[in-house]
Amino acid sequence: MNKLKGIAASGGVGIGKALVLGKEELTAPKTKISYEDISKEIYRLEEALIETRKEISNLQKKILHDLGFDHAKVFEAHLLVLEDRVLIEDIIQQIKTKKVNVEYAFSQSIKKYIDTLLKLEDEYLRERVIDIEDVSRRVLRKLLKKEAVNLSGLNEKVIIVAHDLSPSQTASLPKENLLGFVTDVGGRTSHTTIIARSLGIPAVVGLEVATINIKSGEKLVVDGSEGVVFINPPEKIVKEYQKKLTKITKDLKTIHVSKLKATTQDKREVIVSANIEFPEELSLAHEYGAEGVGLYRTEYIFLGRRDLPSEEEQYKAYLNVARKMKPYSVIVRTIDIGGDKFLSQPQVPVEMSPFLGWRAIRFCLARPDVFKTQLRAILRASVEGNIKVMFPMISGVGELRDAKKVLEECKKELKHENVAFDEKISIGTMIEVPSAALTADTLAKESDFFSIGTNDLIQYSLAVDRANEKVAYLYEPGHPAVLKLIKNVIDVAHQNNIWVGMCGEMSGEPLFAFLTLGLELDEFSMPPPRVPRIKELIKNVKFEDAKAIAEKAIKLATAKEVEKCIQDELKKILQDNFDRILLV
Amino acid sequence: MERIEEEVIVNNPHGLHARPAALLVQIANKFDSRIVLEKDGETVDGKSIIAILSLGVNSGSALKIIVEGVDAKEAFSQIKEFLEKQSE
């Protein structure tokens, strides 16, 4: 068996046969033509350009329909290449003066331009070569009368393995037969990732050698949550993943409950909302019945580019999410990345411990230009009335005050400019640093709400880097220290009359959702596919029971004891429904 | 026939990358005038996206616009406005 490790791009499990999309070789033979053939060759060129134009327009329409305007507009530049007079004139000149066939003339002209672009110092422009190559392959195929690998007629379920998937390729894939994506290149914000997430299909990208190591027809297991791909795995692994897969499919089957409110049997109503990263995930959030967005990560707008996104661009992005999520609310978290992730940032030295370093609110406060642009955009989008803003990685009230001061400045500016915004916009503090959890009483007096980011809170409290395989076993959400911090945060928040949410992975895990329900958590935010299961759980239990069990559980000595206690008690409460809801 | 020649500084934060270049070509193609862009002594056809891309225009680059034709005035003012605009 062979196991490949890549970047976890889109969560979930895919088990099935691989379909490897090879890199297509299109070579144009050189043939001499006679004087009489010149006009015929030029006619063939025009014909191929017109047909390609039709093809791209159709594709553009399909993408506009399936994925929206932002994806469709990529093709505008493609269309312009097809009617580029300098390019066309160059090809015609070659046919006329060198007396060569159109295929050859075409590839020579394209090559000339691509070489020029590749020589440019600008990395972004060099990457535009991909667009020009994409278009020219289409034209060449027409000229050579070669059919593109047509996947729209695909009638068996497969896992697509490719070096990279172009936007046009991804758009033409039949969604119902896709079990997963596996690619050599790509990252967490690449096109394939975004599409896979918006379709809810597992994907692992950046594997580098996938197309070399995998052959079509081989059995694959794709773990999109961990970023692992198994090639021809033994029965044991297949079985293990089949179990996980049934669990995930179960999430889908419980969709029918998802439209209902999350109310316990003794009538405590809580909110179950979604964590999203890309606007494309909003449709999933709706489909799974999320009541709002509990965590809108905004990093994607900033990553993978050398300039900073403008206020206008950010405003449009936030406005779009706010509008689509109505009547529910959207918690926009200001950027939570390290200074080194900004390509536009001049030379940030590599940090020894980036998790303890210059990132999130620390970076924002040091770069008021970046911070203010984002806050102004968030404020402008808040006219919709359902936006809340949240600051990440606050370690004490001083930082919160500084951040609020900048927000106030932005409000003042906007008022001065007569730009509308929600003057009563809620301001939340993300509780993910132990010092914030311990000083929650002070923070609560100056916040409108809290959201507990458990992933980081656990790592910081237990001094465990989850990505380090040697110590990952110590990452225990049920650790008594973590639970004590969470309980403290919720208790003092309520004493100060503010509500508390949780946007880490813990809130989407049934056992811990039950425990935190008992600790009186108000809002549970999680990846959209987890929503129906957690709602189902909440609807099947009593708040009073959860409270009593939580009180008992947090007094236990170890994480294992805590988990066992909740599991046993939940079994008693849910009885026959236990397997159906938890399916551990 | 009118001819206008003037140097402008490109303010678009993206310079003339694929999207802005595409928009510029769309503007240029609305006019009958001949439109030429010149950067560092190199001249290209302002109605060709490939030619513009190969010029490698970044934000802050100085670019000479040469417009010649019956609608030169209007063409020039629209192109200048586009190039000097702060955002897309």
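Residue numbers (the numbering used here), protein chains in the order written: chain A, 82 to 665; chain B, 9 to 96.
The beta carbon of each residue, even a glycine, is placed where N, CA and C say it ideally should be.
Remember, it's a predicted structure, so these values are computed and weren't measured experimentally.
- Within the region 288-350 of chain A, the complete alpha helix (DSSP H) segments of 4 residues or longer fall at 291-294, 316-334, listed in chain order.
- Taking a C-beta distance under 9 Å as the contact criterion, residue 471 (chain A) and residue 440 (chain A) do not qualify as a contact pair.
- Against chain A, the beta carbon of residue 59 (chain B) has neighbours under 7 Å at 167, listed in chain order.
- Pairing residue 98 (chain A) with residue 299 (chain A) gives a Cβ-Cβ distance under 9 Å.
- Closer than 9 Å to the CB of residue 42 (chain B) there is not a single CB belonging to chain A.
- Interface annotation, residue 38 (chain B): not in contact with chain A, CB-CB separation never under 9 Å.
- Secondary structure of residue 132 (chain A) (DSSP, three-state): helix.
- Contact check for residue 163 (chain A) against residue 101 (chain A) fails: the beta carbons are separated by 9 Å or more.
- Residues of the region 47-76 of chain B with a C-beta less than 7 Å from any C-beta of chain A: 53, 55, 56, 57, 58, 59, 61, 62, 64, 66, listed in chain order.
- Taking all protein chains in view, the Cβ of residue 503 (chain A) is crowded by 16 or more other Cβ atoms within 10 Å, so the residue is classified as buried.
- The alpha-carbon separation between residue 110 (chain A) and residue 185 (chain A) amounts to approximately 6 Å.
- Across the region 542-560 of chain A, no CB contact with chain B closer than 8 Å is found for any residue.
- Rounded to whole angstroms, the Cβ separation of residue 260 (chain A) and residue 227 (chain A) is 28 Å, and the two are not in contact under 8 Å.
- Measuring C-alpha to C-alpha distances from residue 69 (chain B) to each of B:55, B:9, B:24, B:11 identifies B:24 as the nearest.
- Looking only at A:542, A:494, A:443, the smallest Cα-Cα distance to residue 479 (chain A) is reached by A:443.
- Using a Cβ-Cβ cut-off of 7 Å, residue 162 (chain A) is close to 57, 58 of chain B, given in chain order.
- When A:482, A:495, A:432, A:436 are compared, the shortest CA-CA separation from residue 462 (chain A) is found for A:495.
- Here residue 84 (chain B) carries a helix assignment [DSSP, helix/strand/coil].
- A buried status is given to residue 287 (chain A), since no fewer than 16 other beta-carbon atoms sit within 10 Å of its beta-carbon.
- Between residue 603 (chain A) and chain B, the shortest Cβ-Cβ separation is not below 9 Å.
- In terms of CA proximity to residue 602 (chain A), A:349 leads the group A:310, A:410, A:349.
- Fully contained in the region 561-611 of chain A are the following alpha helix (DSSP H) runs of length 4 or more, in chain order: 561-576, 591-599.
- Selection A:327, A:351, A:395 evaluated against residue 360 (chain A) yields A:395 as nearest (Cα-Cα).
- By the criterion of a C-beta distance shorter than 8 Å, residue 521 (chain A) is surrounded in its chain by 512, 531, 569, 570, 573, 574, once the five residues flanking it on both sides are discounted.
- Chain B places no beta carbon closer than 9 Å to that of residue 130 (chain A), leaving this residue out of the contacts.
- In this structure, the beta-carbon distance from residue 412 (chain A) to residue 584 (chain A) falls below 9 Å.
- Counting every other CB atom within 10 Å of its CB across the protein chains shown gives residue 268 (chain A) a total below 16, marking it as exposed.
- Bridge pairing for residue 641 (chain A): absent [DSSP].
- If you look at residue 532 (chain A), you'll find it in the beta strand (DSSP E) that goes 530-533.
- Listed by position along chain B, the residues whose Cβ is nearer than 7 Å to that of residue 388 (chain A) are 21, 22.
- Only buried fits residue 240 (chain A), as 16 or more other CB atoms lie within 10 angstroms of its CB.
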